[in-house]
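This report refers to the structure that appears directly beneath it.
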Amino acid sequence: MKIKSVFFIICSLLFSTVFAQNDPAIIPKPKSVKLAGGNVSVQDIATIVIPKKNAEIKKLALDYAKVLGLGKYTFSEQEKPAFAKSKSLVFQILLQENKAEYYTLTVTKNGILVSANDPKGFFYALQSLTQLLESNQANEKFLPFVVIEDEPVFGYRGMHLDVARHFFSTDVVKQYLDLMSRYKMNYFHWHLTDDQGWRIEIKKFPKLTEVGAYRKGTQLGHAHDAKGQKGQEDYGSYYTQEEIKEIIQYAKERHIEIIPEIEMPGHSSAALAAYPEFGCTGGPYHVESNWGVFKDVFCTKDTSIWFLKEVLTEVCDLFPGKYIHIGGDEVPKERWKACPRCQTIVKRQGLKNHDELQSYFIEQIGIHLFNQGKKLIGWDEILEGGLAANATVMSWRGTQGGIESAKQRHDVIMCPGSHCYFDHYQSESIKEPLAIGGYTNLEKVYAFQPVPEVLSKEEKKYILGAQGNLWTEYIPNANHLFYMAYPRAIALAEVLWTASSELNYKGFTERLNSHMLWFKKNKIEISNAYLDLGYITKSNPNGVEFHFIKPPIDGRILIETEKPEEGIVQEYAEADSFLLNQNVDFGAWFQLQDKTLGRALRLNFQNHLAAGKNIQLKYNPSIKYPGSGAQCLINGFSAPTHKFGGSEWIGLEGDDLHATIDLGAEKEFQTITIQFYQANDSWIYAPEELKIYTSKDGEKFDEIYDYKLPLSAMKIISPEIKLNQKTKSRYLRIVAKNHGMIDETLPGAGHKAWLFVGEIKLE
Ligand code: ACM
Ligand code: ZN
């Protein structure tokens, strides 16, 4: 590897085309694709052969004809349809059991043969056929000779949508379903109620929507930002039962089952505002305008459970699917502890604690759903006081809840925040629209493995699949929604359909290109952040080694410095790394021929005494927020202030920062500046205590500073610690105390606090 100065390098790179590909651009990638030379003109197809008296296939065949753009054609109904000599589109029904989603699609000079066991299979074959036509960009009227055999790995391939924080019209929901079905996803988890709005008409309790669907104002920006103020406009809407039926029918035609979610016992402010008698205190309550977790939850008394059962009866009657989601996440127990009626239930049921009270509550609801012929799904907190019989668990706080549930022989749907929360940032660029936080880029989603290796073969069977979650606190409109969901949902769709041995990120992004064009043609603006340039840094005796991370496609990197005399764009072909050892601003971007792909990186390197030196951490950052490793703490790049997560912040879950820096030789310094993030609404707490030690030998450390940080509502706490006198040392140790377990009164109660650390600057 060559290392030169920033002004003399960059970048290898070939000029081959992005579009070169062997496989047709079908996503998710089918199980088997065998291309044979040659192609057939779809316009020559004049006959559609269908099985006798099968209205469902006849209806599907009309969709095929539309996709193929067939002009004139005739239907031929046969007992056992087979390929005829003249060019035709033939539908064959197979008789394999438990293979409803299986299909084969064969294109020869005779036309197209589609075989499946069930309308689902024929529907998925149609999606593949559509993409096969699209991927022939030169001429969509020709199909290559091919044999495709296909079926999914996972039975549950889901997308979630929160319509409580922001409401989305039925047209937007339909578009959401269209896109899901294009990528063969089959469960739509519709989050219909929350603190900020009740969005489903319940005829027996009209105030749920008359009162509960409307809030006074909406939080704008993060609570931990100075700009976390409230928009004053009243906000609200809901779906009538007629509209919901229309959406259910729409989903059914796309082979998508809808899972409605009615949140309980927490996230219930909107319901309680409408019917305060079902809370512990009796209210008054209001529909929340801010985001977060709220103390007021449903009381566990019999009348509250009666109310929820009545609501669920209507919901069960409306939705034909087998699952009903009852929430169960983030339930503060404060009100229950102080409530005489809840305490009566604790005594009556002989419960040991309030987790068991929650389990009792969920169990009652589960029995009711069972009696309605339904299955209960809940977020992983429903494990806490014992799982209700037959409950399916959605594992969102990592995969551990899913692992425990599978071990207890309960079905699991994986959606850990680390890989499946599409409300997170997907790029490091400061140009990204506001997001809730985190960092989940396309490659990370694609790397998700829904089935944890720690499970036995038997236990693994309980992992039904996974889903992408779209919480909409920071997603106010449809454009933003599709930008956040796509293309991440496409990556997840492939993870869930295609065998893991066939998953290859580079191949995926090559196929994705044709899909990006499709979105553009259809005027749906989605994110191309996967084409942004990234970087990592490494320690080096002479400075900070800087390496670009290129998108997984061919192209070249261009770099520009902001020094006027060097402000011209320079492209370098040779290496993809260089050494930084003086302050510099620079920009870099990735381009193919004359076209810039993704967004530019703009970076400001500030050299300091620790930059590029060695650093050891006693406690590793969480795998959820690893930054780019410990080195990112002393690489001369400040962590961005607009968000936590990404390559410059590390996140420690419950652990202290305990960093030892080796400066390589004795150095003199006086000022230490450290970036900490403060976002209590995201369970991130800046440290309140900080100690600094020096050592000559790396063995014996002397405390030189004990610093109490003032509690502050600031987002970035960046104490500049000025020592009384210049200090000489080779080793420096910094210990910042984690806030620890979060108590009842603060956001994240009962969880370990996060400690986020950015740059440690030594001068
Ligand atoms: C969740 O994200 N509170 C399930
Ligand atoms: Zn109560």
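For the sequence shown, the residue numbers in the working numbering are 251 to 1013.
Every residue, glycine too, gets a C-beta built ideally from N, C-alpha and C.
Since the structure is predicted, the reported quantities are computational estimates derived from the model, not experimental observations.
For residue i, the nearest candidate out of the options (CA to CA)
{"i": "G998", "options": "L310, E1013, N988, N930", "result": "N930"}
{"i": "K972", "options": "A1003, T690, E918, N988", "result": "E918"}
{"i": "F548", "options": "I725, S539, P534, C530", "result": "C530"}
{"i": "G948", "options": "C882, I865, Q881, K800", "result": "I865"}
{"i": "H505", "options": "M734, P726, L310", "result": "L310"}
{"i": "A936", "options": "W629, A524, G1000, W1004", "result": "W1004"}
{"i": "G481", "options": "N540, A521, K502, L522", "result": "N540"}
{"i": "I740", "options": "L859, E329, S554, L429", "result": "L429"}
{"i": "L558", "options": "A375, Y535, K502, L619", "result": "L619"}
{"i": "I803", "options": "L783, E760, S764, D835", "result": "E760"}
{"i": "S336", "options": "A315, I362, I343", "result": "I362"}
{"i": "H858", "options": "Q841, T642, V364, G886", "result": "G886"}
{"i": "E580", "options": "R647, Q622, L637, G687", "result": "R647"}
Helix, strand or coil at residue i [DSSP, three-state]
{"i": "D552", "result": "helix"}
{"i": "S968", "result": "coil"}
{"i": "P814", "result": "Because the pLDDT of P814 is 45, which lies under 50, any placement of that residue in the model is unreliable, and the number read from its coordinates should be weighed accordingly. DSSP places P814 in helix when its eight states are reduced to three."}
{"i": "V643", "result": "strand"}
{"i": "R504", "result": "coil"}
{"i": "V292", "result": "helix"}
{"i": "H575", "result": "strand"}
{"i": "I984", "result": "strand"}
{"i": "I300", "result": "strand"}
{"i": "Q271", "result": "Residue placement at Q271 cannot be trusted, given a pLDDT of 39 that sits under 50; the coordinates are not used to answer."}
{"i": "T722", "result": "coil"}
{"i": "S713", "result": "Strictly speaking, residue 713 in this sequence is Ile, with Ser absent from that position. Strand."}
{"i": "G998", "result": "coil"}
{"i": "P937", "result": "coil"}
{"i": "D673", "result": "coil"}
{"i": "G371", "result": "helix"}
{"i": "I276", "result": "coil"}
{"i": "W899", "result": "coil"}
{"i": "A823", "result": "Model confidence at A823 stands at a pLDDT of 46, short of 50, so the residue's coordinates are unreliable; what they give is reported in the following sentence. It is coil, neither helix nor strand."}
{"i": "T944", "result": "strand"}
{"i": "L851", "result": "strand"}
{"i": "Q499", "result": "helix"}
C-beta atoms of residue i and residue j nearer than 7 Å
{"i": "C566", "j": "K624", "result": "yes"}
{"i": "R415", "j": "T722", "result": "yes"}
{"i": "G715", "j": "F404", "result": "yes"}
{"i": "R852", "j": "G837", "result": "yes"}
{"i": "G718", "j": "L742", "result": "yes"}
{"i": "S282", "j": "E401", "result": "no"}
{"i": "S378", "j": "I276", "result": "yes"}
{"i": "S789", "j": "Q925", "result": "no"}
{"i": "Y724", "j": "A685", "result": "yes"}
{"i": "Y675", "j": "K893", "result": "yes"}
{"i": "K1011", "j": "T923", "result": "yes"}
{"i": "K302", "j": "E329", "result": "yes"}
{"i": "Y488", "j": "Y437", "result": "no"}
{"i": "I776", "j": "Y736", "result": "yes"}
{"i": "S897", "j": "E1009", "result": "no"}
Residue span of the beta strand (DSSP E) that contains residue i, given as start and end
{"i": "A915", "result": "907-927"}
{"i": "H797", "result": "793-799"}
{"i": "R598", "result": "R598 -> not in any beta strand (DSSP E); alpha helix (DSSP H) instead, spanning 590-599."}
{"i": "I437", "result": "Here the sequence assigns Tyr to residue 437, which means Ile is not the residue at that position. Its beta strand (DSSP E) spans residues 437-441."}
{"i": "Y406", "result": "406-412"}
{"i": "D421", "result": "First-last for D421: 420-432, but that is the alpha helix (DSSP H), not the beta strand (DSSP E)."}
{"i": "D1071", "result": "Here the chain has residues from 251 to 1013 only, and residue 1071 is not among them."}
{"i": "A838", "result": "834-842"}
{"i": "Q342", "result": "338-343"}
Residue interval of the alpha helix (DSSP H) (run including residue i)
{"i": "V1014", "result": "Residue 1014 lies beyond the range of the chain shown here (251 to 1013); nothing can be said about it."}
{"i": "T787", "result": "Counting along the chain, T787 falls outside any alpha helix (DSSP H), though it belongs to the beta strand (DSSP E) covering 784-790."}
{"i": "N621", "result": "604-621"}
{"i": "I884", "result": "Run containing I884: none; DSSP gives neither H nor E here."}
{"i": "E584", "result": "584-587"}
{"i": "R761", "result": "755-771"}
* To do: Evaluate the contact criterion for the segment 506-518 versus the segment 566-580: three or more CB pairs, one atom per stretch, below 8 Å.
  => yes
* Should the segment 792-804 be called in touch with the segment 823-841, which here means at least 3 C-beta pairs below 8 Å? -> yes
* **Touch test, the segment 353-360 against the segment 312-332, Cβ-Cβ under 8 Å, three pairs minimum** => no
* Asked: Are the segment 612-623 and the segment 590-600 touching by the rule of at least three beta carbon pairs closer than 8 Å?
  -> no
* Asked: Touching or not, the segment 601-612 and the segment 454-474, by the rule of three or more beta carbon pairs under 8 Å?
  -> no
* To do: Evaluate the contact criterion for the segment 458-467 versus the segment 512-528: three or more CB pairs, one atom per stretch, below 8 Å.
  => yes
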